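Undergrad: Handing you a structure now.
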Amino acid sequence: MLSTMALRIPSRLLSQLKLSRRLHSLPAPLSEDSDEESLLFSSNGLESSYIPVDRRFYNTLLKKCTVFKLLTQGRIVHGHLIQSIFRHDLVMYNTLLNMYAKCGSLEEARKVFDKMPQRDFVTWTTLISGYSQHDRPCDALLLFNQMLRFGFSPNEFTLSSVIKAAAAERRGCCGHQLHGFCVKCGFDSNVHVGSALLDLYTRYGLMDDAQLVFDALESRNDVSWNALIAGHARRCGTEKALEIFQGMLREGFRPSHFSYASLFGACSSTGFLEQGKWVHAYMIKSGEKLVAFAGNTLLDMYAKSGSIHDARKIFDRLAKRDVVSWNSLLTAYAQHGFGKEAVCWFEEMRKGGIRPNEISFLSVLTACSHSGLLDEGWHYYELMKKDGIVPEAWHYVTVVDLLGRAGDLNRALRFIEEMPIEPTAAIWKALLNACRMHKNTELGAYAAEHVFELDPDDPGPHVILYNIYASGGRWNDAARVRKKMKESGVKKEPACSWVEIENAIHMFVANDERHPQREEIARKWEEVLAKIKELGYVPDTSHVIVHVDQQEREVNLQYHSEKIALAFALLNTPPGSTIHIKKNIRVCGDCHSAIKLASKAVGREIIVRDTNRFHHFKDGACSCKDYW
DNA sequence: TTAGGGTTAG
């Protein structure tokens, strides 16, 4: 039965519907699985005695169902509609079609579309936009082709939906064709069409074309500005995105959550923390409420920039949280190695009635793995399955990592062999990494063979295998790995580290000799080196992947990019302040030992972010407990 | 009656 609570339909309309049913002997409400024929049959020849109500009545009901996504109630209205005198009304049927399309019931929408005795361009556009908005871009494009073949002319509504579908279907090559088509139809400078078009161009890196479309718009609105900001943000063009943001402000447009979410995301992925903080300050000043979408990205920005405390503050201040907010917090704790906190918050989340999804479980599993919480991790793996979430490859990677960290390499191997999916390269990489940590050469070589087969172009596993052999003194085998790398053309990604000081990013590569402060930096590192040697530092030369003698290996090690970055930061930041260093690849074992002792020697907290996680070095220890 | 832009993992 219809219920005011569930429907959220105005009570006036509801009583009208009830009254009309009573007065005109309409059939009882229809079940969810009734199709059009059975609905018609159930009317039992009553149409003749049926006196129609105002057409605005149906229209308003359908619109309400569309806005509030009330599919069940929409079906009931459909059941009544097909018995009314409006059952051949094209506009009414377009509205009905739109209701199904917007509620995401594309199969029912298609059924209505197929049975419509007549269609106009709005009919076609409605279904195209339904497909486009519900992740069925291919169907949207197919239907658009059919629409043209049937001789219907698209309008600006059709074109913006089709362009969105083309962008999602990764048909970047269609961009210029579609643009040409829009010019031909005269819609290229329409703000909706143009925004979709410039978004499509940015997704394929055609930033100049996107800018041309933007410049040619007959009018601009917040969506067109946001599309351009988001485009540059996605391409790591943080400075450009910020410049456009300032242009948006200059022209008097008010930024929305879309603008902020893009900017925080960009600042986070490119390490522009100071600029991100500036945007955050602007957001606060303009009185914008901190809600989930932009807030989640802001939380992520602080977490990825190394400040777990600020991330937590954002979570606490969120006016409204969704599952992504919780996942972002869990991920932050996981990446920073705060496993117990992640476990606590995961339980809080469940207590609060938020149902964890596959990413929540991935985060808590990662947190357990990074903190060595084997039993807890296994418990959550079992719980995930009990909750009806089918583990995917990335969950298996984390479980292998979890078992590997605990040193149970045979159990990790058994787990891989018994998995219901074909092991991926990432799964074997997790085992390989565990073998490196626990110095299991034979199993490491076995895992590496699988990785080389599945992902031959990744230099990482070659380097790890090299390190496994080198640390065991098996230099001939290590040389064989190096030779294989050379023959297959696999190159170790050049390592670089960077630090952000006073709004500027300073980047360093190994043996950096171009920096204006290079002599000071070298002297500083020598000073630190002497101190950490007193604390017991012994260079671990197995991390040097070149064929040179022991002495030269030791020299090479001292000029790894993270050590140069640390010396630079020590010279250019106030005494006692926390140092943040970022690195494009995994931090090497020797640098890890050196920085650990350096944190004690210089009395600083040093936070290093590598590709895997954060390392919080303090008082001679690291939050990763030497496993990463 | 129909349209365009944003988030968490790897």
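Counting the first sequence from 1 gives a position; my numbering is that position plus 691.
Cβ coordinates follow ideal geometry from the N, Cα and C atoms, glycine included.
Because the structure is a prediction, the values reported are computed rather than measured.
Ignoring anything shorter than 4 residues or poking outside the segment 1131-1194, list the alpha helix (DSSP H) runs there in chain order.
TA: If we require 4 residues or more, the alpha helix (DSSP H) runs fully inside the segment 1131-1194 come out as 1132-1145, 1150-1162, 1166-1179.
Undergrad: Can you have a look at G866 and say buried or exposed, based on whether 16 or more other CB atoms are within 10 angstroms of its CB?
TA: If you number the first sequence from 1, residue 866 lands on position 175. Buried is the call here.
Undergrad: For L787 and K968, what's the separation of their Cα atoms in angstroms?
TA: Reading the first sequence from its first residue, position 96 is the one you call residue 787. Reading the first sequence from its first residue, position 277 is the one you call residue 968. Using only the alpha carbons, I get a separation of about 47 Å.
Undergrad: For my contact list, G997 and R1304 are in at a C-beta cut-off of 8 Å; report their separation, rounded to the angstrom.
TA: Indexing the first sequence from 1 puts residue 997 at position 306. Indexing the first sequence from 1 puts residue 1304 at position 613. Wrong, their Cβ atoms sit about 11 Å apart, outside the cutoff.
Undergrad: Work out the CA separation of G956 and H825 for me, nearest whole Å.
TA: The residue labelled residue 825 in the question sits at position 134 within the first sequence. The residue labelled residue 956 in the question sits at position 265 within the first sequence. So the two alpha carbons sit approximately 24 Å from each other.
Undergrad: Would DSSP call Y1318 helix, strand or coil?
TA: The residue labelled residue 1318 in the question sits at position 627 within the first sequence. Coil at Y1318, not helix or strand.
Undergrad: Count the C-beta pairs between the segment 1246-1260 and the segment 1198-1207 that are closer than 8 Å, then say yes if the count reaches three, no if not.
TA: yes
Undergrad: M1198 bridges to which residues according to DSSP?
TA: Within the first sequence, numbered from 1, the residue matching residue 1198 stands at position 507. Partner(s): W1189.
Undergrad: Out of S1252, D830, F878, which one is the CA nearest neighbour of F848?
TA: Position 157 of the first sequence, counted from the start, is the residue given in the question as residue 848. The residue with the shortest Cα to Cα distance from F848 is F878.
Undergrad: Under DSSP, the beta strand (DSSP E) around I1045 begins and ends at which residues?
TA: Start at 1 with the first residue of the first sequence, and residue 1045 comes out as number 354. Element bounds for I1045: n/a, residue is neither H nor E.
Undergrad: Output the residue ranges of the alpha helix (DSSP H) runs that lie fully inside the segment 901-929 and measure 4 residues or longer, sorted by chain position.
TA: Segments of the alpha helix (DSSP H) lying fully in the segment 901-929: 913-925.
Undergrad: Can you tell me whether H1251 is helix, strand or coil according to DSSP?
TA: In the first sequence, counting from the first residue as 1, residue 1251 sits at position 560. It is coil, neither helix nor strand.
Undergrad: Give the list of continuous alpha helix (DSSP H) stretches no shorter than 4 residues that lie fully inside the segment 765-826.
TA: 781-793, 797-806, 812-824
Undergrad: Between S1284 and I1223, what straight-line distance do the alpha-carbon atoms span, to the nearest angstrom?
TA: Here residue 1284 refers to the residue found at position 593 of the first sequence. Here residue 1223 refers to the residue found at position 532 of the first sequence. Answer to the nearest angstrom: the Cα atoms are 10 Å apart.
Undergrad: Could you check if H1307 is buried or exposed, using at least 16 other CB atoms within 10 Å of its CB as the buried criterion?
TA: Within the first sequence, the letter at position 616 stands for residue 1307. Buried is the call here.
Undergrad: Say whether the segment 1073-1093 touches the segment 1116-1129, bearing in mind that this needs 3 or more beta-carbon pairs closer than 8 Å, one atom from each stretch.
TA: Between the segment 1073-1093 and the segment 1116-1129 there are three or more inter-stretch CB-CB distances shorter than 8 Å, so the stretches are counted as touching.
Undergrad: Would you kindly report the start and end of the unbroken beta strand (DSSP E) that includes H1350?
TA: Residue 1350 is absent from the structure shown; the chain starts at 692 and stops at 1319.
Undergrad: Using only alpha-carbon positions, find the residue among G1135, E1193, E1184, E1210 that is nearest to R1277.
TA: As a first step, residue 1277 is located in the first sequence; it is residue number 586 there, counting from the start. Ranking the options by Cα distance to R1277, first place goes to E1184.
Undergrad: Do you know whose CA, among I920, E1178, Q966, H1153, lies nearest A1169's CA?
TA: Indexing the first sequence from 1 puts residue 1169 at position 478. Answer by Cα proximity: H1153.
Undergrad: Would you mind reading off the limits of the alpha helix (DSSP H) that contains V1299?
TA: As a position in the first sequence, residue 1299 is number 608, starting the count at 1. V1299 -> not in any alpha helix (DSSP H); beta strand (DSSP E) instead, spanning 1297-1300.
Undergrad: Just how far apart, CA to CA, sit G1311 and C1282?
TA: Within the first sequence, numbered from 1, the residue matching residue 1311 stands at position 620. Within the first sequence, numbered from 1, the residue matching residue 1282 stands at position 591. Going by the C-alpha atoms only, they are around 13 Å apart.
Undergrad: Tell me the DSSP secondary structure of I1270 in three-state form.
TA: In the first sequence, the residue the question calls residue 1270 occupies position 579. DSSP places I1270 in strand when its eight states are reduced to three.
Undergrad: For a quick check, are the C-beta atoms of Y1228 and L1288 less than 7 Å apart?
TA: Mapped onto the first sequence, residue 1228 falls at position 537. Mapped onto the first sequence, residue 1288 falls at position 597. Cβ atoms of Y1228 and L1288: closer than 7 Å.
Undergrad: Cβ atoms of F872 and L889: under 7 Å apart, would you say?
TA: Working through the first sequence from its first residue, we reach residue 889 at position 198. Working through the first sequence from its first residue, we reach residue 872 at position 181. Cβ atoms of L889 and F872: not closer than 7 Å.
Undergrad: Any idea what DSSP makes of H715, helix, strand or coil?
TA: Along the first sequence, read from residue 1 onward, the residue named residue 715 stands at position 24. Since pLDDT at H715 reaches only 38, below the 50 mark, its modelled position is unreliable, and no value is offered.
Undergrad: Might you give, ordered along the chain, the residues of its own chain that have their beta carbon closer than 7 Å to the beta carbon of M992, omitting 5 neighbours on each side?
TA: Position 301 of the first sequence, counted from the first residue, corresponds to residue 992. Within the same chain, M992 has close Cβ partners F955, C958, S959, G967.
Undergrad: So K855 and S823 are supposed to be a Cβ contact under 8 Å. How far apart are they, rounded?
TA: Here residue 855 refers to the residue found at position 164 of the first sequence. Here residue 823 refers to the residue found at position 132 of the first sequence. That pair is a contact at about 5 Å.
Undergrad: Distance check for L1134 and R1102, CA to CA, integer angstroms please.
TA: Position 411 of the first sequence, counted from the first residue, corresponds to residue 1102. Position 443 of the first sequence, counted from the first residue, corresponds to residue 1134. Distance between the alpha carbons of R1102 and L1134: 12 Å.
Undergrad: What is the rounded straight-line gap between the Cα of E1178 and the Cα of V1172?
TA: As a first step, residue 1178 must be located in the first sequence, where it is residue number 487. As a first step, residue 1172 must be located in the first sequence, where it is residue number 481. Looking at the two C-alpha atoms, the distance is approximately 10 Å.
Undergrad: Terminal residues of the continuous alpha helix (DSSP H) containing A1018?
TA: The residue given as residue 1018 occupies position 327 in the first sequence. Per the sequence presented here, residue 1018 reads as Asn, with Ala not at that position. Unbroken alpha helix (DSSP H) run through N1018: 1014-1026.
Undergrad: For the candidate residues V874, W1189, V1219, whose alpha-carbon lies nearest to that of H1206?
TA: For this step, residue 1206 is matched to residue 515 along the first sequence. It is W1189 whose Cα lies nearest to the Cα of H1206.
Undergrad: Quick check on A1010: does DSSP put it in helix, strand or coil?
TA: Looking up residue 1010 in the first sequence gives position 319. The answer is coil: DSSP assigns A1010 none of H, G, I, E or B.
Undergrad: Based on Cα-Cα distance, which residue from G1267, S852, I975 lies nearest to H948?
TA: In the first sequence, the residue the question calls residue 948 occupies position 257. Here the closest residue by C-alpha is I975.
Undergrad: Quick one: is N1167 buried, meaning 16 or more other Cβ sit within 10 Å of its Cβ, or exposed?
TA: Residue numbering aside, residue 1167 sits at position 476 when the first sequence is read from its first letter. Exposed is the call here.
Undergrad: Among S910, L891, P946, which one has its Cα closest to the Cα of R925?
TA: As a first step, residue 925 must be located in the first sequence, where it is residue number 234. Looking at the Cα atoms, L891 is the closest of the given residues.
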